[in-house]
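Visitor: I'd like to ask some things about the structure below.
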Amino acid sequence: MQSKTATLSGRAITKVYRSGEIDIWALKGVDFDLYPQEVVVLLGASGSGKSTLLNILGGLDVPSDGQVFYNGTDISRASERELTLFRRLHVGFVFQFYNLIPSLTAYENVALVTEIVPNAMPPEEALELVDLLDRKNHFPAQLSGGEQQRVAIARAIAKRPDILLCDEPTGALDMKTGIVVLQAIEHINREIGTTTAVITHNTVVGEMADRIVSISDGKISDVKVNKERRKASTLHW
Ligand code: ADP
Ligand code: MG
């Protein structure tokens with residue numbers, strides 16, 4: 161797997177937040193690769209820099225220094241417009257709090273994205289991938305937290321992104337519901353080969369990954385390759 165060109169690479173990424181008089185070094189020189197079709201779990205304590213790294217890789221934020229490559233092309237100096245297109249066409253994001261639009265049904269929440277992207281899947285197909293087709297006409301308030309997160313995943317992958325970036329997707333869910341959400345992520349990776357990164361502070365989630373990248377105090381502290389991925393359905397915490 162590692163002989164291929166990485167889908168996304170970060171090189172010597174630093175991020176400094178200026179907060180009044182003090183500088184906060186959120187990332188202190190991070191090299192990170194995400195290879196085609198793999199699942200990487202990004203592990204680390206709160207405040208270690210996980211979200212900052214994922215946001216920079218996904219073009220939601222820019223590094224203070226260092227480079228980001230998408231399929232070998234440097235996007236770290238891209239214009240705002242180029243970054244918008246990169247995000248829109250190639251990256252699906254999933255966050256801890258689903259960010260669905262309450263006044264739209266599950267179907268409409270997904271359609272909002274598929275309408276602005278070429279070659280998107282029909283919303284039904286995306287909802288089917290997360291096993292929620294039968295709930296397509298339900299509003300977020302009529303869905304459980306886990307179901308809402310699966311709609312958010314359907315929305316993220318309906319554009320057939322190369323990359324799915326998930327920031328604590330199970331952070332607000334109990335174990336059983338969290339596992340169903342992880343199964344949806346696993347299923348999409350297997351079915352359509354979306355390169356996937358999942359942030360968590362739950363070490364058990366790492367077992368479903370091809371690789372576990374640990375981040376500590378703004379630096380990569382460890383990379384572990386799993387011999388085989390454990391099925392999300394068998395995880396327990
Ligand atoms: P994690 O996702 O691992 O919890 P973050 O990437 O959110 O960590 O944050 C890393 C560090 O950067 C923390 O010390 C956090 O307080 C700081 N930080 C994150 N975003 C900002 C911001 N917009 N302004 C100032 N400091 C920030
Ligand atoms: Mg975070």
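Heads up, the sequence shown is in the numbering used here, so the first residue is 161 and it goes up one at a time. Note that CB positions come from ideal geometry on N, CA and C, so glycine has one too. Keep in mind the model is a prediction, meaning the values are calculated, not measured.
Grab the span of the alpha helix (DSSP H) containing K336 for me, first residue to last.
Guide: First-last of the alpha helix (DSSP H) with K336: 335-352.
Visitor: How would you write the range of the alpha helix (DSSP H) that R389 sits in, first residue to last?
Guide: From DSSP, R389 is part of no alpha helix (DSSP H); its letter is neither H nor E.
Visitor: So is I335 buried or exposed if we call it buried at 16+ other beta carbons inside 10 Å?
Guide: The amino acid occupying residue 335 in the given sequence is Met; Ile does not appear at that position. Exposed, because fewer than 16 other Cβ atoms sit within 10 Å of the Cβ of M335.
Visitor: Tell me, which residues are paired with Y177 by DSSP?
Guide: Y177 pairs with I184.
Visitor: Any chance the CB of I235 is under 7 Å from a heavy atom of the ligand ADP?
Guide: The answer is no for I235.
Visitor: Would you report the Cα separation of I375 and G204, rounded to the nearest angstrom?
Guide: Looking at the two C-alpha atoms, the distance is approximately 5 Å.
Visitor: Going along the chain, which unbroken runs of the alpha helix (DSSP H) with 4 or more residues stay wholly within the stretch 220-269?
Guide: Runs of the alpha helix (DSSP H) inside the stretch 220-269: 240-250.
Visitor: Kindly indicate the opening and closing residues of the beta strand (DSSP E) around V277.
Guide: Unbroken run through V277: none, as it is neither H nor E.
Visitor: So the beta strand (DSSP E) N376 belongs to, where does it begin and stop?
Guide: In the sequence as displayed, the identity of residue 376 is Ser instead of Asn. Run containing S376: 371-376, per the beta strand (DSSP E) assignment.
Visitor: How big is the Cα-Cα spacing for V200 and V311?
Guide: Distance between the alpha carbons of V200 and V311: 22 Å.
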